[in-house]
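Note sheet for the following structure.
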Amino acid sequence: MTADDRTGDDPSPLARRRYEPGDGGELSTAIVRTIAAIEDVPTDGVSIPPLYDCVDVEALDRALFGTPGTSGGAERATFRCGTYRVAVAADGWIRIYGD
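Numbering-wise (the working numbering), the sequence shown opens with residue 13 and increments by one.
Now the structure itself:
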């Protein structure tokens, strides 16, 4: 677990992670890794339904980060997945909140 995985000074989110679009990683992977850090399990052991059942991650990625050569336009998106509320901001920060 990295320093970005858990927050010690902000009691609101259970965890946060910085996603860097264009660095070769996928937004969906970053979201699942953040939830896995909360649950202290491997990414294939998280207690959430498949992410694609909760949100269209490709549409979310386009809305926030755009396509090559464009910006997305949205500043933030929030959705529920299992018992978590997931907030993704256009600055790349993923924040996970509990019920």
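Cβ coordinates follow ideal geometry from the N, Cα and C atoms, glycine included.
Because the structure is a prediction, the values reported are computed rather than measured.
A check of alpha carbon separations from Cys66 across Ala86, Ala48, Gly57 and Ser40 identifies Ser40 as the nearest. Counting along the chain, the unbroken alpha helix (DSSP H) around Tyr64 starts and ends at Leu63 to Cys66. Three or more Cβ pairs closer than 8 Å define a contact, and the stretch 26-37 meets that threshold against the stretch 46-60. Here the alpha carbons of Val100 and Arg92 stand approximately 12 Å from one another. Excluding sequence positions up to five before and after Ala89, its CB lies within less than 7 Å of the CB of Leu72, Ala75, Leu76 and Val100, all in the same chain and listed in chain order. Between Tyr96 and Ile60, the C-beta gap is smaller than 8 Å, which places the two residues in contact.
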